[in-house]
Amino acid sequence: MNSRALRWLGWLALAAMAVALVTAGTWLLFSTFQLYDDEGYVLYSLRNYAEHGRLYDAVFSQYGPFFFAFYDAVHRVFAFEWTSTSGRWLTLVHWVLTATFCGALAWRATRSVAVTAF
């Protein structure tokens, strides 16, 4: 096999691994409860901020204002309700984007499909 075919095979394997990891992440998020999870507290705070505003006055939180402003903007742009399901999908999107960004950095630094996959 030539190097171009090997590279395409590597990218195909990377895509298959990504699909498998997204599937595993979805299963983990929607089928188990972690004891350390503060999902309800965060979603409740985000929903109250979206409805009432006035952070630290009407909405108690230990998180900074950027967190609320950013997620309120995401909430308004994509027009979704703050529910456990939407919070879990948003978490999965963060996981995928983080892994993609880290893989892109690895690819840029090494030009190796194996290192990128790792």
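First residue of the sequence shown: 1142, per our numbering; consecutive thereafter.
Cβ coordinates follow ideal geometry from the N, Cα and C atoms, glycine included.
Open item on the list: Tell me which residues share the same chain as Leu1233 and place their Cβ nearer than 8 Å to its Cβ, disregarding the 5 neighbours each side in the sequence.
Closed with: Residue numbering aside, residue 1233 sits at position 92 when the sequence shown is read from its first letter. Closer than 8 Å at the Cβ level, and outside the excluded window around Leu1233, lie Val1163, Gly1166, Thr1167, Leu1170.
Task: Three-state secondary structure (DSSP) of Leu1155 - done: By 1-based counting over the sequence shown, the position of residue 1155 is 14. If DSSP states are grouped into helix, strand and coil, Leu1155 belongs with the helices.
Open item on the list: DSSP has Val1200 in a bridge; who is on the other side?
Closed with: Residue mapping note: residue 1200 aligns to position 59 of the sequence shown, counting from 1. Partner(s): Leu1196.
Open item on the list: Quick check: the Cα distance between Leu1147 and Ala1154, rounded to an integer number of angstroms?
Closed with: Counted from its first residue, the sequence shown places residue 1147 at position 6. Counted from its first residue, the sequence shown places residue 1154 at position 13. Looking at the two C-alpha atoms, the distance is approximately 10 Å.
Task: Cβ-based neighbour list, Phe1188, same chain, cut-off 7 Å, excluding 5 preceding and 5 following - done: As a working mapping, residue 1188 is identified with position 47 in the sequence shown. Checking the displayed sequence, the identity of residue 1188 turns out to be Arg instead of Phe. Cβ neighbours of Arg1188 beyond the five flanking positions: Trp1223.
Open item on the list: Helix, strand or coil for Trp1223? Go by DSSP, reduced to three states.
Closed with: On the sequence shown, residue 1223 is found 82 positions in, with the first residue counted as 1. Note: Trp1223 maps to coil in three-state DSSP.
Open item on the list: I'd like the span of the alpha helix (DSSP H) that includes Thr1173, first residue to last.
Closed with: Looking up residue 1173 in the sequence shown gives position 32. Where Thr1173 is concerned, there is no enclosing alpha helix (DSSP H), given that its DSSP letter is neither H nor E.
- [ ] In angstroms with no decimal places, state the Cα-to-Cα distance between Val1215 and Asp1178.
- [x] Against the sequence shown, residue 1215 aligns to sequence position 74. Against the sequence shown, residue 1178 aligns to sequence position 37. About 22 Å.
- [ ] Label Tyr1212 either buried or exposed according to how many other C-beta atoms from any shown protein chain fall within 10 Å of its C-beta, with 16 as the threshold for buried.
- [x] Position 71 of the sequence shown, counted from the first residue, corresponds to residue 1212. When all chains shown are included, Tyr1212 counts as buried.
Task: Beta-carbon separation (whole angstroms), Thr1257 vs Trp1248, contact threshold 8 Å - done: Counted from its first residue, the sequence shown places residue 1257 at position 116. Counted from its first residue, the sequence shown places residue 1248 at position 107. Confirmed, about 4 Å.
- [ ] Indicate the three-state DSSP secondary structure (helix, strand or coil) for Phe1259 in the structure shown.
- [x] Locating residue 1259 in the sequence shown gives position 118, where the first residue counts as 1. Reduced to three states, the DSSP call for Phe1259 is coil.
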